[in-house]
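Q: Line order of the protein sequences matches chains A and B. For the record, in the first sequence the residue sitting at position 309 is 308 according to numbering that gives the first Met the number 0, with numbers rising by one throughout. For the record, in the second sequence the residue sitting at position 77 is 76 according to numbering that gives the first Met the number 0, with numbers rising by one throughout.
Number of protein chains: 2
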Amino acid sequence: MGTASRAMNEAPGVMEQTREAVQRAARELGYQPNAAARALRSRSSRLIGCLFSDLENPLYTRLFNSLQDRLADEGFVTLITASAGKLDREKQAISIFAERGMDAIVIAPGHQQDPEIVQLLEKFPAPIFVLDRDIPIQADRLVFDHFAAMDLAVGHLAKLGHRSILPVFSHQNTRPGLMRHAAFDAAMRGAGLTPGARVEPETPNTPVFREVQAALSCDDRPTAMIVQGTHVLPSTLNALANLRLRVPEDISLIAVGDSALAEEHVPPITALRLDRSALVEEITARVLARIRGQATEVSEKVLGYQLMERASCRRSIA
Amino acid sequence: MGTASRAMNEAPGVMEQTREAVQRAARELGYQPNAAARALRSRSSRLIGCLFSDLENPLYTRLFNSLQDRLADEGFVTLITASAGKLDREKQAISIFAERGMDAIVIAPGHQQDPEIVQLLEKFPAPIFVLDRDIPIQADRLVFDHFAAMDLAVGHLAKLGHRSILPVFSHQNTRPGLMRHAAFDAAMRGAGLTPGARVEPETPNTPVFREVQAALSCDDRPTAMIVQGTHVLPSTLNALANLRLRVPEDISLIAVGDSALAEEHVPPITALRLDRSALVEEITARVLARIRGQATEVSEKVLGYQLMERASCRRSIA
DNA sequence: TTGAAAGCGCTAACAA
DNA sequence: TTGTTAGCGCTTTCAA
Numbered sequence: 000m001g002t003a004s005r006a007m008n009e010a011p012g013v014m015e016q017t018r019e020a021v022q023r024a025a026r027e028l029g030y031q032p033n034a035a036a037r038a039l040r041s042r043s044s045r046l047i048g049c050l051f052s053d054l055e056n057p058l059y060t061r062l063f064n065s066l067q068d069r070l071a072d073e074g075f076v077t078l079i080t081a082s083a084g085k086l087d088r089e090k091q092a093i094s095i096f097a098e099r100g101m102d103a104i105v106i107a108p109g110h111q112q113d114p115e116i117v118q119l120l121e122k123f124p125a126p127i128f129v130l131d132r133d134i135p136i137q138a139d140r141l142v143f144d145h146f147a148a149m150d151l152a153v154g155h156l157a158k159l160g161h162r163s164i165l166p167v168f169s170h171q172n173t174r175p176g177l178m179r180h181a182a183f184d185a186a187m188r189g190a191g192l193t194p195g196a197r198v199e200p201e202t203p204n205t206p207v208f209r210e211v212q213a214a215l216s217c218d219d220r221p222t223a224m225i226v227q228g229t230h231v232l233p234s235t236l237n238a239l240a241n242l243r244l245r246v247p248e249d250i251s252l253i254a255v256g257d258s259a260l261a262e263e264h265v266p267p268i269t270a271l272r273l274d275r276s277a278l279v280e281e282i283t284a285r286v287l288a289r290i291r292g293q294a295t296e297v298s299e300k301v302l303g304y305q306l307m308e309r310a311s312c313r314r315s316i317a
Numbered sequence: 000m001g002t003a004s005r006a007m008n009e010a011p012g013v014m015e016q017t018r019e020a021v022q023r024a025a026r027e028l029g030y031q032p033n034a035a036a037r038a039l040r041s042r043s044s045r046l047i048g049c050l051f052s053d054l055e056n057p058l059y060t061r062l063f064n065s066l067q068d069r070l071a072d073e074g075f076v077t078l079i080t081a082s083a084g085k086l087d088r089e090k091q092a093i094s095i096f097a098e099r100g101m102d103a104i105v106i107a108p109g110h111q112q113d114p115e116i117v118q119l120l121e122k123f124p125a126p127i128f129v130l131d132r133d134i135p136i137q138a139d140r141l142v143f144d145h146f147a148a149m150d151l152a153v154g155h156l157a158k159l160g161h162r163s164i165l166p167v168f169s170h171q172n173t174r175p176g177l178m179r180h181a182a183f184d185a186a187m188r189g190a191g192l193t194p195g196a197r198v199e200p201e202t203p204n205t206p207v208f209r210e211v212q213a214a215l216s217c218d219d220r221p222t223a224m225i226v227q228g229t230h231v232l233p234s235t236l237n238a239l240a241n242l243r244l245r246v247p248e249d250i251s252l253i254a255v256g257d258s259a260l261a262e263e264h265v266p267p268i269t270a271l272r273l274d275r276s277a278l279v280e281e282i283t284a285r286v287l288a289r290i291r292g293q294a295t296e297v298s299e300k301v302l303g304y305q306l307m308e309r310a311s312c313r314r315s316i317a
C-alpha cells in the first residue's frame, strides 16, 4: 500500500498518527524492506562504489572508514575495491560498478590516462567523483595541493637550517607521484636551496632500504628527509636504524601523509596531514548533491596539507 | 523473453546457435542486465558481506583482496566493513547485511560473545561463515591453530638455545587473543622453559614502545621475542632501534602473522604465516556450497600456521 | 490524506 | 527448444 511506503520513508503527505501506527506495526512484525525491490522501482541502489589504488595506503584506509560511516548515516552502503594498481582490476571494478547500478562512484585509480579506463568512465551511467587524479573526463574533483605541501615541509626544514634534504617519493604515474618531485624541486629553489640526491621507489609499497642506506652513506649526507608515508616510511626507519642514525639528533624526518605509525613512533614524526573530515565532507556533499540532481556545474576543489609539527625535526648541526 | 535470459545466463536448454545470436545482439546493443531486477526475481543479490574487526591488520587486508578476487570470478561482489572493534558498528554492519540481502557473510568481529551480536546472527537470513572466532551459533567455521603455532615458534627458538622469550600479544577478547597467551605458556612448558615477563597491549594497534623497552631494560633481558604482526610489530622495531638492539645479533624475533613489513624488513623477519590461498579456498568453497544449498552439516576446520624461517633468529649467546 | 493500480526488468514455471 | 505469462516487493501515479 502506498501509505505504508510513504510512512516508512518519512515522505510528506501522511498523517503523523498514521505514520506512527505503520512504523509500530512494522517493528512488531519485524518487517525488513527488500532492497532489491526498492532499487528496481526507485532506480536507485543506494550503493556507492569506491576504487582506490591501494588499500595499504593509510590515507585510503582511514578515508574509507570515515566515508563509509558518513555515507551510512545518509542511508548509503559503500563498496570498496582496491586494485593494487593493476589495470585489469581497475577496469573490472568500474564495469562491476556500472552493472551493479552504483548511485555514484569515488575513484583514485592507479591509472589516470589509460584510454580504456577513460572510455569506461566517459560512458559511466552515474556521477563520478575523482580524488587527486588528472583523469581527462568531466567530473567533480578534489585535488591535493602538493606544491603548497612541499613548500611547507621544505620551508620548515630550511628554517631549521637544513640545506641538504633527501626526498623519498615514488614516481607512480598518477597525479601525486607526478607532482611531488616537481613540487619538491620548486620548494627547494624557493628556499634558496639546491635539490640533490633523491630516492624514487617504483610504487609507494616498494622497499627503499638499500637506496636510502646508499644515499645516506656518502660523506656529506643529507641532514633531513621528506618521506612518503606509505610502506616507504617503515622501510626508511629500518634503514635509519641499521645506520644507527637517530631521529632527530642525526637526521630530521618529515612524512608525507599522516598515519598511526607517524603519530605513535618514538619520537613522533612530523607529518603533512590532510584534513580527513574536510575531505569526507567534500566528497559526501558533492556526491549527495549529484545523486539528488542538485549539482549543476562540475566542481573542482583543492585541499591543502597541514604540517603537524612533532619531534622528528630539529635544527641542523651542519 | 525466457530464451534470452537463459542464453545470457549460460543456462541449459538453449541451442548453441541461439545462444550466440543472443549474446552477439546483447553486445551490439550494449545491453547491461539490471542487477536489482535480477536480485528481486531470483531472490539472490550475488552480494557477500565481510565484517572484519580491523582493516589495518595485514591479514585481513590481504585476505579481503584475495577473497574479493576469488568471489568476483564466481560472479559475486564482496562488501567489506571494518568495525575497528566498535560494538555498535558491528551491530550496524550485520543489520545492513541483512537488509541488503547478502547471499552470505564472512565475519571475524571484535565481539564474539556479545548477546546482541549473537542474536542478530542467530536470526540472520543467510549463511554465515565465521573466521577464527568462538561465536556460540551454528555456522560454518574456520579456526587457526594457535597452539600448534606457538609450539612452532617457541620450539624454533628453544632449539636455538633461547630460554627467555618475551611474548607481545594483545589480550583482545576474541579467540586469537584469548588463546595465544595460553598457547604460549603451554609451548614454553612443552619445551621445558618457564614463561616470564610479557607485554599485553589492549588492542593489536596499541603502541608498545614503552612496555617493550621496559621489558628489555632489565639485567637479564629476554634473548628472543614473539610479536603480533600488526601495529605491535613496527612499534616493537621502534623500541629495539631506540635500545640499539640489533636483530638477530642481540635479540631474535618472530612475528605472529606475516606481512609486507616482515618480509621486506632488513633482516627479513621470521613469521608465522597462514596459507592464504587455502584460507580463501576454504571460505569460497564453503560459502558457495551453502548458497547453492549443497552443504548439509556445519563445517568446522582448523588451519595451521607455517613458520617462515627468515634471518631474524639466531642461536642464543646467553 | 489515503487507497488502488501499474509497473520497474528480470527469471521461473508452464505451455506450445 | 522456444515463447508466453506471471510475479518478485516495492514506489509512483492517479483517483477518490
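We treat Cβ as the ideally placed atom computed from N, Cα and C, and that holds for glycine. It should be emphasised that the depicted structure is a prediction, and the values quoted were computed from it without experimental measurement.
#1: Hey, valine 279 of chain A and isoleucine 47 of chain A are a contact pair by Cβ (cut 8 Å); roughly how many whole angstroms apart?
#2: CA-CA distance, leucine 244 of chain B and leucine 159 of chain A?
#3: Taking the alpha carbon of glycine 74 of chain B as the point to measure from, which residue in B:Met7, B:Arg45 and B:Arg99 has its own alpha carbon closest?
#4: Assign lysine 158 of chain A to one of three DSSP states: helix, strand, or coil.
#5: Below 7 Å on C-beta distance, what does serine 234 of chain B contact in chain A?
#6: Could you tell me whether the Cβ atoms of arginine 132 of chain A and threonine 80 of chain A are closer together than 8 Å?
#7: Are any of the Cβ atoms in chain B nearer than 8 Å to that of leucine 260 of chain A?
#8: Consult DSSP for serine 311 of chain A and reduce its assignment to one of helix, strand or coil.
#9: Can you list the alpha helix (DSSP H) stretches of 4 or more residues lying completely in the segment 203-266 of chain B, in chain order?
#10: Once you ignore the five residues that flank valine 297 of chain A on each side, which residues in its own chain have a CB closer than 8 Å to its CB?
#11: Can you tell which of B:Ala20, B:Ala38 and B:Ala83 has its C-alpha closest to the C-alpha of leucine 50 of chain B?
#12: So, helix, strand or coil for glycine 189 of chain B, using DSSP?
#13: Report the CB separation of alanine 261 of chain A from leucine 232 of chain A in whole angstroms; it is logged as a contact under 8 Å.
#14: Cβ closer than 7 Å: which chain A residues qualify as neighbours of arginine 362 of chain B?
#15: Grab the span of the alpha helix (DSSP H) containing lysine 90 of chain A for me, first residue to last.
#16: Assign proline 57 of chain B to one of two classes, buried (16 or more other C-beta atoms within 10 Å of its C-beta) or exposed (fewer than that).
#17: For arginine 88 of chain A, which residues of its own chain have a beta-carbon under 6 Å away from its beta-carbon, when the five flanking residues on both sides are left out?
#18: For threonine 283 of chain B and alanine 92 of chain B, what's the separation of their Cα atoms in angstroms?
#19: Anything in chain A within Cβ reach of alanine 71 of chain B, meaning under 8 Å, just list it in chain order.
#20: Is the beta carbon of alanine 310 of chain A closer than 8 Å to that of proline 267 of chain A?
#21: Name, in chain order, the residues that DSSP records as bridge partners for serine 127 of chain B.
#22: Does the beta carbon of asparagine 241 of chain B come closer than 8 Å to any beta carbon on chain A?
#23: At 8 Å on the CB atoms, spell out the chain B contacts of histidine 110 of chain A, in chain order.
#24: If we count the other Cβ atoms within 10 Å of its Cβ and call it buried at 16 or more, is asparagine 8 of chain A buried or exposed?
#25: Taking the alpha carbon of threonine 222 of chain A as the reference point, which residue from A:Ile316, A:Val198 and A:Pro194 has its own alpha carbon closest?
#26: List, in order along the chain, the chain B residues whose C-beta lies closer than 7 Å to that of asparagine 204 of chain A?
#27: Please list, in chain order, the chain A residues whose beta carbon lies closer than 7 Å to that of glutamate 55 of chain B.
#28: Could you spell out the range, first to last residue, of the beta strand (DSSP E) harbouring valine 142 of chain B?
#29: Looking at chain B, is there any beta carbon in it that lies within less than 8 Å of the beta carbon of alanine 83 of chain A?
#30: Which residues in the same chain as alanine 182 of chain A place their Cβ atom closer than 6 Å to its Cβ, once the five residues preceding and following it in sequence are excluded?
#31: From which residue to which residue does the beta strand (DSSP E) around proline 166 of chain A run?
#32: Whole angstroms is fine: what's the gap from valine 129 of chain A's alpha carbon to aspartate 72 of chain A's?
#33: If you measure beta-carbon to beta-carbon, which residues of the segment 122-134 of chain A are closer than 7 Å to chain B?
#34: What is the DSSP secondary structure of arginine 197 of chain B, reduced to helix, strand or coil?
#35: What would DSSP say about phenylalanine 75 of chain B, mapped onto helix, strand or coil?
#36: Taking only three categories from DSSP, how would you classify alanine 270 of chain A?
A: Working from what's here:
#1: Wrong, their Cβ atoms sit about 12 Å apart, outside the cutoff.
#2: 30 Å
#3: B:Arg45
#4: helix
#5: Glu263
#6: no
#7: yes
#8: coil
#9: 208-215, 231-241 and 259-263
#10: Gln137, Ala138, Asp139 and Arg140
#11: B:Ala83
#12: helix
#13: 7 Å
#14: It is not possible to answer for residue 362 of chain B, since the shown part of chain B is limited to 0 through 317.
#15: 86-98
#16: buried
#17: Ser82
#18: 21 Å
#19: Gln91 and Ile95
#20: yes
#21: The question names serine, but residue 127 of chain B in the sequence shown is isoleucine. Partner(s): B:Ile104.
#22: yes
#23: The contacting residues do not exist; histidine 110 of chain A stays about 18 Å from chain B at best.
#24: exposed
#25: A:Ile316
#26: Ala259
#27: Thr60
#28: 139-143
#29: yes
#30: His145, Phe146 and Met149
#31: 164-167
#32: 22 Å
#33: none
#34: coil
#35: coil
#36: strand
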